[in-house]
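In this note's numbering, the protein residues as written are 1242 to 1736.
For glycine and all other residues, C-beta sits at the position ideal for the given N, C-alpha and C.
Notes follow once the structure below has been shown.
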């Protein structure tokens, strides 16, 4: 008989309902009969012991907050009776740990595009990158005209429109410039037209200098104020770029070249049980192959940050992680906002009650590998293995940041469902079978099989094959739907 609840860790004081429970239902936990005291939805928590007011409630083996009032075994635990323990910044002690990893090198490959600098892309697209939002309309018109002229030859043609590039100050302005630079240099682009107005703060020549030693045959600049007919001038350049990029071919490359971003959104009570652990297994497998995975969403590390800090391979990386976490907490506090009020209405409806509850599930996406790199927002990847990236939890901002640092694709776990994609393939992994069944046009893979009787050992190889298929050219659902966009992090004023 299939179990209808799950105790994740032996130390837990709650179980997670795998199916809805009715008031009066009985469950047996460690030989103890417990009566359900309220109707409890699937994915939500039920106490298996009495707790006093102020006592910590344990899930995943860690506190996820404290009881706001005395509670009884069988009570439904939710945001109305559970409060976060999080407050301000903290001091941390480096206590390095090394987890035992189970995966070995397998000599797997995928079919990608090898670029002139030795980098590898998993798509061969033509991109228009506006230096300022004023030319978004021109960029979109150029994309439409090129699509009318050509058929095939490249995987797609896009303009990555945004609202910035002018009227920004200091850090915000640099964030915009860094992300746009990163997009221009991304190996998923076979060719790029950098489209400028000319009078913006993000001055075109200075921006091009930021690109460093770039391939000048494949990345071209057009300053629209300096030509009489910007559409004809843009089309002349795009035709040249198309002639080059359309000759690119996929070749077999080792999976060690693959870089994958790890993200969750619209999470539910199953996220930390199914999809996030599955992605964590993939991350560990990829690291064992010499590949790279990147975890972000710093606010969703709060409450679990010490787990990541102690997996850092050096004191320097530990210090960088401490700064990353405390800087984000100070960002919240500087705006008069608490650090622990993260779970969204959808999270709460799905069974996530506090930020600690969310974070303990969220961080499972990075498996158990050691942390081998820590990046600021807008930085580009330098280290293989598991990396941490500073970015907020917002789905599109964080996914854009993952792609910008150099990830070829994003693995996005979700329990509520979401259709979006950023400028690289954005695969959706459902946490529960209901979502996977209802939203087949959004979902690329169902980790909900894990609560239907299949084992992680059975599913991991299938998931690896699916990711490598997408890396080799199979379109993700967001690509099929043509749901793709970018969002750049903004903190300060707009002039």
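Proximity to residue 1537 across 1606, 1254 and 1632 peaks at 1632, based on C-alpha coordinates. Going by C-alpha positions, residue 1612 is about 39 Å away from residue 1441. Spatial neighbours of residue 1707 in its own chain (CB-CB distance under 6 Å, excluding positions within 5 residues in sequence) are listed in chain order as 1686. Under DSSP, residue 1362 shares a beta bridge with 1354.
Segment contact: the segment 1484 to 1503 against the segment 1348 to 1366, three or more CB-CB distances shorter than 8 Å; contact assigned. Around the beta carbon of residue 1250, fewer than 16 other beta carbons sit within 10 angstroms, so the residue counts as exposed. The three-state secondary structure of residue 1371, taken from DSSP, is strand. Nearest Cα to residue 1591 within the set 1534, 1604, 1676 and 1608: 1676. Per the C-alpha coordinates, the member of 1290, 1320, 1281 and 1455 positioned closest to residue 1597 is 1320. Excluding sequence positions up to five before and after residue 1294, its CB lies within less than 8 Å of the CB of 1308, 1309, 1310 and 1311, all in the same chain and listed in chain order.
In this structure, DSSP gives residue 1646 a state outside helix and strand, which the three-state scheme calls coil.
No residue range can be given for residue 1309, since it is assigned to no alpha helix (DSSP H) and is classified by DSSP as neither H nor E. The Cβ neighbour count for residue 1509, taken over all protein chains shown within 10 Å, is at least 16; the residue is labelled buried. Inclusion of residue 1521 and residue 1497 in the CB contact set at 8 Å is not warranted, their separation being larger than that value. Distance from the CA of residue 1699 to the CA of residue 1391, rounded to the nearest whole angstrom, comes to 44 Å. In terms of CA proximity to residue 1248, 1300 leads the group 1300, 1292, 1280 and 1260. Here residue 1711 has 1363, 1650, 1666, 1668, 1685 and 1717 as same chain residues with Cβ atoms under 8 Å from its own Cβ, once five neighbours each way along the sequence are excluded. Around the CB of residue 1346, fewer than 16 other CB atoms lie within 10 Å, so the residue is classed as exposed.
Contact between the segment 1275 to 1284 and the segment 1314 to 1329 is present, with at least three C-beta pairs closer than 8 Å.
Shown here, residue 1701 sits in a helix according to DSSP, grouped into three states.
Taking the Cα positions, residue 1641 is about 18 Å away from residue 1569. Rounded to whole angstroms, the Cβ separation of residue 1505 and residue 1603 is 6 Å, and the two are in contact under 8 Å.
For residue 1248, the secondary structure class from DSSP, reduced to helix, strand or coil, is coil. About 15 Å separates the CB atoms of residue 1630 and residue 1610; that is not less than 8 Å, and the two are not in contact. Between residue 1256 and residue 1292, the CB-CB gap reaches or exceeds 8 Å. Note on residue 1721: under 16 other CB atoms within 10 angstroms of its CB, so exposed under the neighbour-count rule.
Shortest Cα-Cα distance from residue 1559 to any of 1334, 1713, 1587 and 1534 involves 1334. The residues 1619, in chain order, have a CB closer than 7 Å to that of residue 1419 in the same chain once the five nearest residues on each side in sequence are set aside. Separation of the CB atoms of residue 1580 and residue 1328 is rounded to 7 Å, and the pair is thereby assigned contact status at 8 Å. Taking the Cα of residue 1469 as reference, the smallest distance to any Cα among 1431, 1405 and 1438 is reached at 1438. Between residue 1587 and residue 1507, the beta carbon gap of about 6 Å places them in contact (Cβ cut-off 8 Å).
Taken in chain order, the complete beta strand (DSSP E) segments of 3 or more residues contained in the segment 1576 to 1664 are 1612 to 1616, 1626 to 1630 and 1650 to 1655.
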